[in-house]
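Taken in sequence, the protein lines are chains A and B. According to the working numbering, the first sequence is numbered sequentially starting from 284. According to the working numbering, the second sequence is numbered sequentially starting from 26. Each residue gets a CB set at the ideal place from its N, CA and C atoms; glycine is no exception. Bear in mind the structure is a predicted one, so any value in this text is a computation, not a measurement. Heads up: the structure comes next, in structure tokens.
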Amino acid sequence: MSSDASISLPPLDLREHRLDNGLRVLLNPDPRLPLVAVNLWYHVGSKNEEPGKTGLAHLFEHMLFQGSQHVDTNGHFAWVQQAGGVANGSTWYDRTNYYETLPSHWAELGLWLESDRMGFLLPALTDEKLENQRSVVMNERKERIDNQPYGRGFERLHELLYPEPHPYHWPVIGYMDDIAGATREDVETFFRTYYAPGNAILTLAGDFDPDRALELVERYFGPLENGPEPPRIEIADIPVEGPIWEEQPDTVDLERLYLGFRGPGWADEAWHATDLLTTLLGSGKSSPLFHDLVYEREIAQSIGCWSLPLEECSTVAVVATIRSESSAEEVYEAVWEHLERIGDEPCEASDLERARNGTLTSLFGGWEQLDQRADALNQAALYRGDPHTLEQEPTRYLAVTAESILETAGRIFRSEGEAAVTVVPDDSDRTDEGAP
Amino acid sequence: MTVLDRSRPPGPDQPRDLPFPPFEHRRALPGLDTFLAPLEDTALITLRLLTPGGAHHDPPGLLGLAGFTAGVLDQGTEESSAFEIASRTEGLGASLSISAGWDSLSVELEGLPKDLPALLELLAELVLRPSFPEAEVERVRGRRLTEILRRRTLPGNLASERFAAEVYGADRPYGHPRIGTEEAVSRIGRDDLVEHYHRFVRSPGATLVAAGRLDPEELFERIGELFRDWPGGQAPTDPTILPVPRDTLSTAVVDRPGAPQTELRVGHAGPPRNHPDRTALVVLSSILGGKFTSRLNLELRERRGLTYGIRSRFAGRRGPGPFVVSTSLATAGVGTAAETVLRELRTLQEEPVSEEELQDTKRYLIGVFPYTLQAADDVARCLARIATYGLPDDHYDTYRERIEGITRDDVQRAARRHLHPDRAVIVAVGPEEPLDEELRGISAPVPP
């Protein structure tokens, strides 16, 4: 299928602009459906926090849904929903995004809402709102992490893989004490430092007239003043001193292994090979890790291998839930057999084709969801400087060879660079009866 | 240039309509119906075969049988091994998922349009010629037993399972975990799987749904050829689902010592999916706990900060599926949350919703319709609902009109008929002692 003509994205109608205040604007008109995705990326994430004040970027994201000078406290969602739209935001290590997908005749509403919170947030900020959202976020952390079996596994892996003061060390949601301690002053400073037009990219994708859209963007965002250039972060590149092995007791019955390495970032030349490498190894029932460990040897209940692309680098991980009859040590040894093999001998052509075809299928599937496409455009614009690079994604994946997989695997899967966290049943606080 | 007035939101432009895409509904064979939706410009193609073999048929001693059958279906056919099936699917970049819901056992394939012929052949092979190899049955059994073990530690799962058991009975359809119990899954034999397959999967009453870039004529003909051996006759009858009779509010606590939060469920049995009040219930649930600005979310999250979120839903099932409010929250807030939920249910029965709330909600539900139809798989999901719940073919053509037609009276009438705060089940999973305290003396608000 590698030479198939259907393996390309539709031609990308993409226009780029920059307003005088520094806001970058990407317009991707596509009339297929009567929808418009309004998607705003700010170049700030948990990476911009400091130890002791973790979770601020995410808490701040919550505050952006609490109204601004011209939008009531619950007005953001209320306005979007009465229009038949959906809205949300998310915080990640390197960026924070805010988005609405609206019926296309309501596109201007999205611009009104986003420009109001970009330009007029602080007049609407109150202690009461902050208090409330601090509490919501603390509940969010409990729901997603502290009250979930294995909830702290990935968090601990990142702590080990990125020793302090590396800014990928702490979790995006932050530590509980830090969330509890966030002050109004912290939030205001954060806004003034990072939430300026010059630190953001606005993408519109979907059913709109680009000239009219640009006019509207200019009307709503043009008058906003740019702020000072945000401080650059110095990344202290402290290497992992692997191999690290750590056990983490938790309320679980089955052990789970989190094995991690650092890989190349999303904008790196080697990213596509890294992505295919991990998909090849652990995605699907015909992948070597699943077939050998879950199916043949029956030592793992489930296994996955993936690469999490960040701006500075990526986290490459193998995560396996261990069968009761086996142990994390046994699975760890078995995983390493595969990691070594793929760094020693060229992979099977059929394995590479499977990984590539699966990746391209999801790429095409994601492309037709407007909110995902707008996100992808912003990601390419922010990390690679050029959203047009998305047009070459299929070609870049097709260019990955068995040799580049071999080379990439050899570079990433090194024992000196590895960290492993095994989540194990916590026997210490177990009463003998009733406890699941 | 005039100064921009930001104090009021901009209004809408001219709307552009998106009708639900046309599709062909034709019976291919006496026992096999088809829904085929040709869609231009969609990236992927979806095939879904829905068979009557859902978990509602699980016999009391063999709970988990339908799910087990689904788990073995792609583990070997007369022609191919488990590995060959996975390699073929994944080699095409396609994804295969076989699962047993309550109402049906379904096989779903999603891939590139050019691979439609290959995907259809694979589908036919899986459902017409599975071989249930002994060794694979044992492998799947091992994985399912381990999965049961894993789920025992998931608080949300514990809450939902206990809630279902309280509402329908622990060994009854809708009441047991679909994965089954350790005991039953250990006992299920190959013969049981084969029997379930012949009675309920390769069975009359099946439907094949396809959506994406396809030629309906060509596909229809090909389905007729590939599935020509599909049995005809009478489709199996649904089992009768009888919720546990209750006339008072009841509470159940599952102890998780030291848990930092509590998982809470409040609800009771509701009407089947094809009940005429369904449209009013969609509006009602959206107001109560469906959308972000729902009454419950605004009260418990945005006003009180007790939770990250709270949701309500009427599950869509062929039988009387549950109505449930779910949240995960600080244990110290459980009493307040449970009382708030019961009070809001009562309020919906006693007071009509405001005209503004009704109009906002209707605008939301109507406006968001195109957003839910972006990909071929989205359209396939709608067609699968028409087939599973026996809805009229124009269900989605008239959906927005029906929402538009709902009045404040309709919502209140539906609340009176389908909400039962005085005999709801409350399930809390968290530290027992404080939870007993939180739930002590809790009662449904009395009607005036």
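Verify the CB distance criterion: does Pro-719 (chain A) have a CB-CB separation below 8 Å to chain B? Residue placement at Pro-719 (chain A) is flagged as unreliable, the pLDDT there being 36, under the threshold of 50; the coordinate-derived value follows with that caveat. Yes, Pro-719 (chain A) counts as interfacial toward chain B.
Is there a Cβ of chain B sitting closer than 8 Å to that of Trp-554 (chain A), yes or no? Not one chain B Cβ lies under 8 Å of Trp-554 (chain A).
In chain order, what residues of the same chain have a beta carbon less than 7 Å from the beta carbon of Gly-436 (chain A), not counting five sequence neighbours either side? Gln-531, Arg-539, Tyr-541, Val-704 and Val-706, listed in sequence order.
Could you name the residues of the same chain whose beta carbon sits closer than 8 Å to that of Leu-398 (chain B), not counting the 5 residues immediately before and after it, in chain order? Here the set comprises Leu-43, Phe-45, Pro-46, Val-404 and Cys-407.
Can you list the residues of chain A that Pro-40 (chain B) reaches, using a CB-CB cut of under 7 Å? Ordered by position in chain A, the residues that pass the 7 Å Cβ test against Pro-40 (chain B) are Pro-386 and His-388.
Across which residues does DSSP place Thr-304 (chain B) in a beta bridge pair? DSSP lists no partner for Thr-304 (chain B).
Considering Cα atoms alone, identify which of A:Glu-426, A:Leu-487 and A:His-449 is closest to Met-459 (chain A). Among A:Glu-426, A:Leu-487 and A:His-449, the Cα nearest to that of Met-459 (chain A) belongs to A:Glu-426.
Just by C-beta distance, which residues in the segment 330 to 347 of chain B are closer than 9 Å to chain A? So the list reads Gly-330, Leu-331, Thr-332, Tyr-333 and Gly-334, given in the order they occur along the chain.
Chain-ordered neighbours of Ser-32 (chain B) on chain A, where CB pairs are closer than 8 Å: Within 8 Å Cβ-Cβ: His-353.
To be precise: take each residue of the segment 382 to 397 of chain B, compare its Cβ to all Cβ atoms of chain A, and keep it if any distance is under 9 Å. Which residues remain? From the segment 382 to 397 of chain B, only Gln-384, Asp-385, Thr-386, Arg-388, Tyr-389, Leu-390, Ile-391, Gly-392, Val-393, Phe-394, Pro-395 and Tyr-396 have a Cβ closer than 9 Å to chain A.
Output yes if chain C places a C-beta closer than 8 Å to the C-beta of Ala-190 (chain B); else output no. In the structure shown, chain C does not exist; the protein chains are A and B.
Sort A:Gly-402, A:His-452, A:Glu-595 and A:Glu-414 by Cα distance to Thr-476 (chain A) and report the nearest one. Each of A:Gly-402, A:His-452, A:Glu-595 and A:Glu-414 was checked against the Cα of Thr-476 (chain A), and the nearest Cα belongs to A:Gly-402.
Only counting runs of 3 or more residues, tell me where the beta strand (DSSP E) segments fall wholly within the segment 55 to 133 of chain B, in order along the chain. Look at the segment 55 to 133 of chain B and you find these whole runs of beta strand (DSSP E), each 3 residues long or longer: 57 to 63, 70 to 76 and 120 to 125.
Measuring only between beta-carbons, confirm whether Ser-468 (chain B) sits less than 8 Å from chain A. No Cβ of chain A is located within less than 8 Å of the beta carbon of Ser-468 (chain B).
Taking only three categories from DSSP, how would you classify Trp-375 (chain A)? Trp-375 (chain A) falls in the coil class under three-state DSSP.
For Val-704 (chain A), name the three-state secondary structure that DSSP assigns. Secondary structure of Val-704 (chain A) (DSSP, three-state): strand.
Proximity to Ala-603 (chain A) [Cα-Cα], best of A:Glu-498, A:Ser-597, A:Gly-626 and A:Glu-616: Minimum Cα distance to Ala-603 (chain A) is reached at A:Glu-616.
For Thr-534 (chain A), decide whether its Cβ has a neighbour in chain B, counting only Cβ atoms nearer than 8 Å. For Thr-534 (chain A), the nearest CB of chain B lies under 8 Å from its own CB, placing it at the interface with that chain.
In whole angstroms, give me the CA-to-CA distance for Glu-208 (chain B) and Ala-190 (chain B). Going by the C-alpha atoms only, they are around 17 Å apart.
Can you tell me which of B:Ala-80, B:Gly-330 and B:Val-291 puts its alpha carbon nearest to the alpha carbon of Ala-453 (chain B)? The residue from B:Ala-80, B:Gly-330 and B:Val-291 with its alpha-carbon nearest to that of Ala-453 (chain B) is B:Val-291.
Per-residue DSSP class, three states only, for Gly-237 (chain B): Strand.
Could you list which residues in chain B have their beta carbon closer than 9 Å to that of Tyr-680 (chain A), in chain order? Those within 9 Å of Tyr-680 (chain A) in chain B number zero; the least Cβ separation is about 11 Å.
Among B:Arg-227, B:Ala-260 and B:Ala-68, which one has its Cα closest to the Cα of Glu-150 (chain B)? By alpha-carbon distance to Glu-150 (chain B), the top candidate from B:Arg-227, B:Ala-260 and B:Ala-68 is B:Arg-227.
If I measure Cβ to Cβ from Ser-285 (chain A) and keep anything under 8 Å in the same chain, skipping five residues before and after, which residues do I get? Summary for Ser-285 (chain A): the model assigns pLDDT 40, below 50, so the residue's position carries little reliability, and this model does not support an answer.
So for Tyr-615 (chain A), helix, strand or coil by DSSP? DSSP, read as helix, strand or coil, puts Tyr-615 (chain A) in helix.
Just to confirm the assignment, what range does the beta strand (DSSP E) spanning Glu-468 (chain A) have? Bounds of any beta strand (DSSP E) do not take in Glu-468 (chain A); it lies within the alpha helix (DSSP H) bounded by 467 to 477.
Beta carbon proximity, Asp-715 (chain A) to chain B, threshold 8 Å: Caution is warranted here: a pLDDT of 40 is assigned to Asp-715 (chain A), below 50, making its placement in the model unreliable, and the coordinate value is therefore given only provisionally. No, no contact with chain B.
Residues, ordered as in the chain, of the segment 390 to 401 of chain A that lie near chain B by beta-carbon distance below 9 Å: So the list reads Ala-390, Glu-391, Leu-392, Leu-394, Trp-395, Leu-396, Ser-398 and Asp-399, given in the order they occur along the chain.
Return the residues of the segment 43 to 67 of chain B that lie within a Cβ-Cβ distance of less than 7 Å from chain A, sorted by chain order. Interface annotation for the segment 43 to 67 of chain B against chain A: Leu-43, Asp-66 and Thr-67, criterion Cβ-Cβ distance under 7 Å.
Closest to Ala-733 (chain A) by CA distance: which of A:Val-618, A:Thr-486 and A:Glu-468 is it? The structure shown does not extend to residue 733 (chain A), since chain A spans only 284 to 719, so no value can be given for it.
Can you name the residues that DSSP bridges to Arg-400 (chain A)? Arg-400 (chain A) is bridged by DSSP to nothing; it lacks a bridge partner.
Check the C-beta distance from Asp-410 (chain A) over to Val-354 (chain A) and give it rounded, since I have them as a contact under 8 Å. Rounded, the Cβ-Cβ distance is 19 Å, inconsistent with contact.
Alpha-carbon spacing of Gly-136 (chain B) relative to Pro-317 (chain A), whole angstroms: Looking at the two C-alpha atoms, the distance is approximately 25 Å.
Residues that Trp-362 (chain A) contacts on chain B, provided the C-beta gap is smaller than 9 Å: Chain order gives the chain B residues near Trp-362 (chain A) as Pro-34, where near means a beta carbon separation below 9 Å.
Which of the three DSSP states, helix, strand or coil, is assigned to Gln-374 (chain B)? Helix.
Could you tell me the distance, in whole angstroms, from the CA atom of Arg-177 (chain B) to the CA atom of Ala-107 (chain B)? Annotation: Arg-177 (chain B) to Ala-107 (chain B) spans about 29 Å, alpha carbon to alpha carbon.
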